[in-house]
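In this note's numbering, the protein residues as written are 846 to 1282.
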Amino acid sequence: AANGAFVSGQGPEFSQADLPDRWWRLYDDPQLDSLVEQALAANANIRAADANLRRADAIVRETAGQRALNTTVGADADLERDYSPVSAGTNLPGVLTYDLGLTLSYPLDLNGKIRRAIESSLADREAVEAARDAVRISVAASAAKAYADVCAANYQIATVQKVVNLQQQTLEATGRLQRGGRGTAFDVSRARSAVESSRANLPAFQAKRRAALYLLATLMGRAPADYPREVENCAALPRLSQPMPIGDGAALIRRRPDIRQAERTIAGSTALIGVATADLYPTVSIGGGIINSGKLENIGKSNSFGFSLGPLLSWSFPNRPIVRARIEAANAQVEADIARFDQTVLDALRGTETALETYARDTDRATALSRASDSAALSAQQAGKLFRFGRSDFLNLLSAQGALATAQVNRAAAEAALVDDQIAVFLALGGGWQSAE
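This is the structure:
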């Protein structure tokens, strides 16, 4: 059911092309490309995930080492002296003996315990690698969003400042009219109130910009105060130059690292069933040894050497109810992992459909707000002309400018939200981890 196209991805905003590995390059913004790549190279969470992967590699090597040839070297020396009653009072010499031994053994793994343990550790390693890739996706999306938030804050600050400038011009004109006897103090106070109300929106956007800069620095592995200064004044919103490539559900399932992690977890747990089952059977290995023993003065002589070669059987008769219980527990773990895998797939599909639908509807909203802003600008322009020619009162002018201020702020916010929606879609699609070397 997941193999087809996304239900919410049928609009003109989307294309069915495959998502590129480095999706942020679709914005054709070299500064954004540089910031994301720096974050992927220096982020602390990615470094921790890389260390976890190296640890998993070491565990695989440790498990595989159970197949290696085992070597044991032993040495022993004894001094033997007769202390029987017959020899009492005499000073008989002692006899110094020695034992030297080298034994070798190689596990045949007839019960498959080592092989299944290696399979489990390899699957666990691949699950850890998928978790690392998921961290890379999150870091890339977070860096892109932080950059977009800086640009959006500056864009919204510029929009509000334009509104403030327009209202400031109205305030100054009202002041001149009052001094010329054509206006009232009430008109001036209302015009000043409009200016200050619009100006009050600026600090929130300035704080949002600074917070995004601090986040960007942290994602890049820097102290907050060391944020990238070249980004601080970015004024244009990142914009896609083409419809968003989203692929289909099958591509999503293949791409998402969390789905791969869930699948590899199943594989690791399945192999552990074999590890538990192997305890029902004996352990067999083939081995041999060389022994050199005797009196110390005979060390190295041919008659002091001996050797052995043959299979070695080790079987501690299992408590079968305990072993069976372990096998049942391993099977139950696999069933739980399969259920989690199913839920992970469903959550991935739902999250992607939701992100696509949100972006499509926010696109409609931004288009409508753009038309509203254009109409409000025309209305404010007409109200200004009517007021200057004495054909409308000051209240109508303030009302028109207030509507313009609201429309332009809402339009800027909607355009900024579209960029956030796009990044949310890319995050849901699971792209960005493939750039790992």
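Even for Gly, the Cβ is constructed at its ideal location relative to N, Cα and C.
Suppose the cutoff is 7 Å on Cβ atoms and the five residues either side in sequence are ignored; what does the same chain contact list for N890 look like?
Walking along the sequence shown from the start, residue 890 turns up at place 45. V980 and V984, listed in sequence order.
Beta-carbon within less than 6 Å of R961's beta-carbon, same chain only, minus the 5 sequence neighbours each way: which residues are those?
Counting from 1 along the sequence shown, the entry for residue 961 is found at position 116. Same-chain partners within the cutoff: A1116, G1119 and V1120.
Kindly indicate which three-state DSSP category G1134 falls into: helix, strand or coil?
Here the question's residue 1134 lines up with position 289 in the sequence shown. Strand.
DSSP three-state call for A922: helix, strand or coil?
To locate residue 922, count along the sequence shown from 1; it is residue 77. Of the three classes helix, strand and coil, the one that applies to A922 here is strand, per DSSP.
Ends of the alpha helix (DSSP H) at S1237?
Stepping through the sequence shown from its first residue, residue 1237 is reached at position 392. From DSSP, S1237 is part of no alpha helix (DSSP H); its letter is neither H nor E.
Going by beta-carbon coordinates alone, are Q1253 and V1008 separated by less than 8 Å?
Position 408 of the sequence shown, counted from the first residue, corresponds to residue 1253. Position 163 of the sequence shown, counted from the first residue, corresponds to residue 1008. Yes, they are a contact pair.
Classify Y1204 as helix, strand or coil using the three-state DSSP reduction.
Numbered from its first residue, the sequence shown carries residue 1204 at position 359. Looking at Y1204 - three-state DSSP - the assignment turns out to be helix.
Would you report the Cα separation of I904 and T1212, rounded to the nearest angstrom?
Reading the sequence shown from its first residue, position 59 is the one you call residue 904. Reading the sequence shown from its first residue, position 367 is the one you call residue 1212. In a straight line, the C-alpha of I904 is about 55 Å away from that of T1212.
Looking only at its chain, what residues have a beta carbon closer than 8 Å to the beta carbon of Q1013, apart from the 5 residues adjacent to it on each side?
Taking the first residue of the sequence shown as position 1, residue 1013 is located at position 168. Taken in chain order, the residues that qualify are V1040.
What three-state label does DSSP hand D1093 in the structure shown?
Against the sequence shown, residue 1093 aligns to sequence position 248. Reduced to three states, the DSSP call for D1093 is coil.
Take L1214 and list the residues in its own chain whose beta-carbon comes closer than 6 Å to its own, dropping the five residues that flank it on each side.
Here residue 1214 refers to the residue found at position 369 of the sequence shown. For L1214, where only same-chain residues beyond five positions count, the Cβ hits under 6 Å are N1255, R1256 and A1259.
Check for me: the alpha helix (DSSP H) holding Q911 runs from which residue to which?
If you number the sequence shown from 1, residue 911 lands on position 66. From DSSP, Q911 is part of no alpha helix (DSSP H); its letter is neither H nor E.
Quick check on the DSSP output: the alpha helix (DSSP H) that includes L1047 runs from which residue to which?
Here residue 1047 corresponds to residue number 202 of the sequence shown, with the count starting at 1. That run of the alpha helix (DSSP H) goes L1047 to L1064.
Following the continuous alpha helix (DSSP H) through L824, name the residue where it begins and the one where it ends.
Because the chain here runs from 846 to 1282, residue 824 falls outside it and cannot be looked at.
Beta carbon of L1240: closer than 7 Å to some heavy atom of the ligand NAD?
Looking for the ligand NAD in the displayed structure turns up nothing, as the structure carries no ligands at all.
Give me the Cβ distance between A1068 and G957, rounded to the nearest whole Å; I'm assuming they're in contact under 8 Å.
By one-based count along the sequence shown, residue 1068 stands at place 223. By one-based count along the sequence shown, residue 957 stands at place 112. Contact doesn't hold; Cβ gap of about 53 Å is too wide.
Decide if the region 1232-1250 is in contact with the region 1194-1207; the criterion is three or more beta carbon pairs, one per stretch, under 8 Å apart.
Counting Cβ pairs under 8 Å, fewer than three are found: no touch.
Assess contact between the region 905-917 and the region 876-894, defined as three or more Cβ pairs (one per stretch) separated by less than 8 Å. Is contact present?
No, the region 905-917 is not in contact with the region 876-894.
Please list the terminal residues of the continuous alpha helix (DSSP H) segment that includes T1029.
Start at 1 with the first residue of the sequence shown, and residue 1029 comes out as number 184. Neither: T1029 is in no alpha helix (DSSP H) and is coded neither H nor E.
Kindly indicate which three-state DSSP category E1282 falls into: helix, strand or coil?
Along the sequence shown, one-based indexing puts residue 1282 at 437. Caution applies to E1282, whose pLDDT of 49 falls short of 50 and renders its modelled position unreliable; the model cannot decide the point.
Over what stretch of residues does the alpha helix (DSSP H) that includes A792 continue unbroken?
Any question about residue 792 goes unanswered here, given that the chain covers just 846 to 1282.
Thinking C-alpha only, which one of Y1126, L1085, Q1227 and R899 is nearest S860?
Here residue 860 corresponds to residue number 15 of the sequence shown, with the count starting at 1. Cα-wise, what sits closest to S860 is L1085.
Find out if the Cβ-Cβ distance for the pair A901, R970 is shorter than 8 Å.
Working through the sequence shown from its first residue, we reach residue 901 at position 56. Working through the sequence shown from its first residue, we reach residue 970 at position 125. Yes; because the gap between Cβ atoms is below 8 Å, this pair is in contact.
Is there contact between the region 1265-1274 and the region 1020-1033, where contact requires at least three CB pairs shorter than 8 Å?
Verdict: no, contact absent.
Give me the DSSP bridge partner(s) of Y951.
Locating residue 951 in the sequence shown gives position 106, counting from the first residue. The partner list for Y951 (beta bridge, DSSP) reads I1131.
Under 8 Å between the Cβ atoms of T908 and S966?
In the sequence shown, the residue the question calls residue 908 occupies position 63. In the sequence shown, the residue the question calls residue 966 occupies position 121. Taking 8 Å as the Cβ cut-off, T908 and S966 qualify as a contacting pair.
Can the beta-carbon of T1189 be found closer than 8 Å to that of D1266?
Position 344 of the sequence shown, counted from the start, is the residue given in the question as residue 1189. Position 421 of the sequence shown, counted from the start, is the residue given in the question as residue 1266. Going by C-beta atoms, T1189 is not nearer than 8 Å to D1266.
For V940, does the count of other Cβ atoms within 10 angstroms reach 16, so buried, or fall short, so exposed?
Here the question's residue 940 lines up with position 95 in the sequence shown. Counting Cβ neighbours within 10 Å, V940 comes out exposed, since fewer than 16 surround it.
For the candidate residues Q1001, G1066, D895 and D874, whose alpha-carbon lies nearest to that of N888?
For the purposes of this step, residue 888 is identified with residue 43 of the sequence shown, where counting begins at 1. Among Q1001, G1066, D895 and D874, the Cα nearest to that of N888 is on G1066.
Got a sec, what are the start and stop residues for the alpha helix (DSSP H) G1119 sits in?
Sequence index remark: in the sequence shown, residue 1119 carries index 274 (1-based). Per DSSP, G1119 belongs to the alpha helix (DSSP H) from P1102 to A1123.
Given this structure, state the Cα-to-Cα distance separating S1218 from P1073, to the nearest angstrom.
Reading the sequence shown from its first residue, position 373 is the one you call residue 1218. Reading the sequence shown from its first residue, position 228 is the one you call residue 1073. So the two alpha carbons sit approximately 33 Å from each other.
Among D921, A1222 and A847, whose alpha-carbon lies nearest the alpha-carbon of A1250?
Start at 1 with the first residue of the sequence shown, and residue 1250 comes out as number 405. Minimum Cα distance to A1250 is reached at A1222.
So, with DSSP's three-state summary, where would you put G854?
Mapped onto the sequence shown, residue 854 falls at position 9. It is coil, neither helix nor strand.
Looking only at its chain, what residues have a beta carbon closer than 8 Å to the beta carbon of I982, apart from the 5 residues adjacent to it on each side?
Position 137 of the sequence shown, counted from the start, is the residue given in the question as residue 982. Correct list, in chain order: P1102, L1272, G1275, G1276, G1277 and W1278.
Quick one: grab the DSSP three-state call for N1176.
To locate residue 1176, count along the sequence shown from 1; it is residue 331. Helix at N1176.
Between the Cα of K1053 and those of T1015, C996 and P1090, spot the shortest distance and give me the residue it belongs to.
Numbered from 1 along the sequence shown, position 208 holds the residue referred to as residue 1053. If we check each option's Cα against that of K1053, C996 comes out closest.
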